[in-house]
Amino acid sequence: MQTTATPTHCPYCALQCGMNLTPAPDGTVEVSERTDFPVNRGALCGKGRTAPAVLASNVRLTSPLVRDGGELVPASWDEALDRIAEGLRRTRAEYGPDGVGVFGGGGLTNEKAYTLGKFARVVLGTSQIDYNGRFCMSSAAAAGIKAFGLDRGLPFPLEDIPKTGCVILVGSNLAETMPPSLRFLTELKENGGTLIVIDPRRTKTAEQADLHLAPRPGTDLALALGLLHLVIAEGRVNEEYVRERTAGWEDARAAAMAHWPEYVERITGVSVPELRETVRLFCEPESAMVLTARGPEQQSKGTDTVGAWINLCLATGRAGRPLSGYGCLTGQGNGQGGREHGQKADQLPGYRKLDDPAARRHVADVWGVDPDSLPGPGRSAYELLDALGTDIKSLLLMASNPVVSAPRAAHIEERIKSLDFLAVCDVVLSETAALADVVLPVTQWAEETGTTTSLEGRVLLRRQAITPPDGVRSDLEVMHELAARLGVEKGFPTDPEEIFEELRRASAGGPADYSGITYRRIVEENGVFWPCPAVEPEGLTGDQDGAGGPAAQRGAAGRPASTEREETVGVAHPGTPRLFLDRFATPDGRARFVPVSHRAIAEEPDDEYPVLLTTGRVVAQYQSGAQTRRVAELNAAAPGPFVELHPRLAARLGAAEGDPVAVVSRRGRAVAPARITDTIRPDTVFMPFHWPGEGRANSLTNPALDPTSRMPEFKACAVRLEAVRP
């Protein structure tokens with residue numbers, strides 16, 4: 001048995017913290033510090049420290065399950081795979097390829113995400129594929145592409161944050177969602193920088209702020225526009241930067257000027273003096289950043305909201321410059337890489353667009369298929385789930401638990417139950433897996449090798465540290481076996497490095513170009529930042545060329561023009577830690593202002609539903625809780641759901657601390673104990689979304705979609721509160 005430590009990365013959030021894993025004689029796995037990884041320098045949150053608990057055979061699945069007489073019972077792998085192949089084949093024959101849906105997860109490695117997208121389009125021929133990352137940062141991605149021509153969560157490494165002059169953190173509670181990253185904000189303040197936190201709750205992160213703004217949920221767009229109005233009115237626009245590096249300023253300026261401070265104060269609840277102080281703190285230093293997370297993004301106007309914050313950065317010259325810029329704090333472990341390589345309904349590997357004929361030809365050539373055989377774009381995540389049982393009759397689902405995580409969750413649960421056939425690949429028997437016709441037990445992070453891409457755009461290698469239990473196989477083996485049963489004998493290898501080599505070719509020349517990245521380089525360099533084309537002319541480095549490759553090789557869209565990297569004379573590209581320092585990834589190299597205006601959330605409070613609900617996470621649980629709820633230490637810290645409400649609201653309801661409170665929306669009802677605190681606005685309640693059952697927060701949330709990103713409005717909906725009497 002191996003007894004040496006294996007350097008790898010945490011399976012949870014997009015920090016992808018470094019850790020060492022060592023098998024112990026008693027069969028457990030020990031976690032130890034890995035101080036060489038710069039993101040966490042050995043620090044881990046409770047989830048990371050306890051991650052090996054889910055590896056235990058008494059916690060996770062170790063045998064395929066098939067439904068027999070209404071119950072899930074153990075079965076052989078051949079029987080389970082045969083049933084899945086037959087279910088998918090039968091649906092395709094009766095309803096056509098789009099009668100089959102595929103739903104993936106932001107926790108899948110790049111190799112798995114790439115293979116799943118290829119499997120859906122080549123083997124099944126379906127356009128109906130999307131993933132739960134659509135619920136994570138799709139609005140920020142859409143806004144980034146509009147403004148910069150490229151989406152990467154952070155266009156700079158985390159190590160730049162403590163060196164800037166001011167950070168505006170919008171809708172993020174890093175102290176609970178990504179605890180090891182809080183040190184970057186602590187160091188920022190130690191270095192004399194300023195932290196401004198925007199959140200309707202005074203969270204643990206907000207307590208660290210020099211200035212905390214508590215706007216009404218769903219009004220972040222108005223807030224950003226009000227700040228830009230003041231930047232203009234106070235003469236703080238960086239006119240030279242706007243003139244030389246941007247386009248579209250006049251229309252964006254006109255839109256912002258319609259949002260004067262007193263008007264914004266009425267909408268947001270943030271006072272005019274607070275608005276003016278925010279502008280002063282942001283504009284006075286030489287450098288500054290805006291970082292957004294789910295708060296402003298998970299709205300039916302999330303793309304416009306993020307766009308407004310980007311406009312603020314552009315107007316003040318705070319984008320594409322050293323120690324300045326806009327960034328999005330990606331949530332899921334591989335939320336960035338998961339969408340880059342083919343899980344999204346409209347994308348092909350390398351972040352190519354599925355409706356681009358040149359992109360289709362390139363990827364089809366790598367896959368050895370006719371470009372015309374590839375389906376077009378399909379439905380986004382919520383729309384796909386909403387179509388289950390109607391247009392989509394069978395579903396293959398990997399690494400997601402939409403029964404808990406999807407908005408309007410009770411409705412989605414009914415749609416899943418209405419399917420003719422459901423197959424799930426997962427580590428544990430999640431609430432969604434429990435509804436399946438076939439469940440396959442698959443390997444997890446410590447039992448397999450594969451790459452992930454962190455929120456910095458740093459491609460990392462998770463390395464296998466232990467042997468998986470008997471009866472467990474990898475998702476790559478599952479797709480290999482299913483492809484063969486469905487008549488595709490080649491093109492679906494099971495070796496992750498072989499798949500990564502194909503991914504490199506498929507991504508070459510695309511916006512997310514991985515062609516210069518290898519497993520060896522990742523190990524030697526502690527991760528490689530994309531874009532990283534295979535080679536570049538001698539004498540240039542990635543940071544000299546802000547769009548991610550030598551200007552001489554970039555096409556009109558700011559992307560490397562040649563896809564034949566191996567034949568180009570030059571030296572290895574160093575990767576691109578910092579984007580846009582020279583030019584943006586737009587045809588003319590200029591960033592785009594996008595004019596936006598405030599609009600209300602999809603569902604404003606009224607007499608029947610007078611309170612706003614917002615949702616989020618707690619430090620001891622993760623996403624739908626499918627894994628963390630199986631860890632005793634984490635459950636002891638966060639045993640169940642709660643309703644956080646202000647004392648004035650609790651008094652009107654007649655509720656005391658710990659009393660059961662019902663939260664009711666137009667979509668459902670949830671009941672959880674009251675947690676009374678003055679750290680939340682009196683017109684707002686908060687619920688974490690990690691739990692199923694009676695306290696399921698997503699029974700309440702609104703699936704109203706952003707028109708561009710198709711992101712649901714998780715962060716704001718109208719509810720009423722009811723006391724629950726014995």
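Its first residue numbered 1, the sequence shown is counted upward by one per residue in full-length UniProt numbering. Glycine is no exception: its CB is placed at the ideal position from the N, C-alpha and C atoms.
In the DSSP assignment, find the alpha helix (DSSP H) that holds residue i and state where it starts and stops.
i           : result
residue 723 : Per DSSP, residue 723 belongs to no alpha helix (DSSP H); it is in the beta strand (DSSP E), 717–723.
residue 359 : 357–367
residue 747 : Lying outside 1 to 726, the shown extent of the chain, residue 747 is not represented and no answer is given.
residue 296 : 294–297
residue 78  : 77–95
residue 138 : 138–148
residue 311 : 302–315
residue 166 : Run containing residue 166: none in the alpha helix (DSSP H); it sits in the beta strand (DSSP E), 166–170.
Measuring alpha carbon to alpha carbon, tell me which of the options ends up nearest residue i.
i           : options              : result
residue 480 : 275, 120 and 93      : 120
residue 141 : 194, 387 and 338     : 338
residue 729 : 416, 534 and 656     : The chain is shown only over 1 to 726; residue 729 falls outside these bounds and no answer can be derived.
residue 428 : 56, 111, 118 and 667 : 56
residue 258 : 689, 596 and 701     : 596
residue 704 : 716, 677 and 694     : 716
residue 690 : 713, 719 and 643     : 643
residue 631 : 47, 618 and 518      : 47
residue 71  : 635, 582 and 439     : 439
residue 188 : 166, 528, 27 and 53  : 166
Taking the continuous beta strand (DSSP E) assigned at residue i, which residues delimit it?
i           : result
residue 20  : 18–23
residue 229 : Unbroken run through residue 229 is the alpha helix (DSSP H), 220–233; no beta strand (DSSP E).
residue 215 : No beta strand (DSSP E) contains residue 215, which DSSP labels as neither H nor E.
residue 424 : 421–426
May I have the straight-line CA-CA distance separating residue i from residue j, to the nearest angstrom?
i           : j           : result
residue 698 : residue 260 : 35 Å
residue 626 : residue 323 : 38 Å
residue 688 : residue 404 : 11 Å
residue 95  : residue 248 : 47 Å
residue 79  : residue 100 : 20 Å
residue 564 : residue 372 : Caution is warranted here: a pLDDT of 34 is assigned to residue 564, below 50, making its placement in the model unreliable, and the coordinate value is therefore given only provisionally. In a straight line, the C-alpha of residue 564 is about 23 Å away from that of residue 372.
residue 665 : residue 603 : 10 Å
residue 145 : residue 365 : 26 Å
residue 468 : residue 680 : 45 Å
residue 414 : residue 615 : 22 Å
residue 362 : residue 383 : 28 Å
residue 262 : residue 653 : 32 Å
residue 5   : residue 63  : 28 Å
residue 75  : residue 66  : 6 Å
residue 412 : residue 584 : 40 Å
residue 7   : residue 387 : 42 Å
residue 696 : residue 105 : 20 Å
residue 395 : residue 82  : 15 Å
residue 556 : residue 450 : Annotation note: pLDDT 28 at residue 556 (below 50); position unreliable, coordinate value reported separately. Computed Cα separation, rounded: 33 Å.
residue 623 : residue 9   : 18 Å
residue 457 : residue 336 : 7 Å
residue 537 : residue 637 : Caution applies to residue 537, whose pLDDT of 47 falls short of 50 and renders its modelled position unreliable; the model cannot decide the point.
residue 599 : residue 574 : 43 Å
residue 35  : residue 345 : 38 Å
residue 593 : residue 518 : 36 Å
residue 424 : residue 342 : 19 Å
residue 92  : residue 340 : 27 Å
residue 77  : residue 471 : 8 Å
residue 61  : residue 325 : 44 Å
residue 609 : residue 721 : 8 Å
Under 7 Å between the Cβ atoms of residue i and residue j?
i           : j           : result
residue 130 : residue 380 : yes
residue 672 : residue 647 : no
residue 389 : residue 435 : no
residue 613 : residue 605 : no
residue 31  : residue 19  : yes
residue 172 : residue 302 : no
residue 402 : residue 432 : yes
residue 147 : residue 591 : yes
residue 291 : residue 329 : yes
residue 278 : residue 196 : yes
Verify the contact flag: residue i, CB atom, against every heavy atom of the ligand ADP, threshold strictly below 6 Å.
i           : result
residue 323 : Summarising the ligand content, the structure contains no ligands, and the ligand ADP is consequently not present.
Inter-stretch contact (C-beta, 8 Å, three-pair minimum) for the segment 461–478 and the segment 490–500:
yes
Decide yes or no for the touch test of the segment 480–492 against the segment 506–514: beta carbon pairs closer than 8 Å, at least 3 of them.
no
Are the segment 453–467 and the segment 9–27 touching by the rule of at least three beta carbon pairs closer than 8 Å?
yes
Is the segment 300–320 in contact with the segment 199–215, if contact means three or more CB pairs nearer than 8 Å?
no
Take every Cβ of the segment 309–325, pair it with every Cβ of the segment 85–94, and state whether three or more of those distances are shorter than 8 Å.
no
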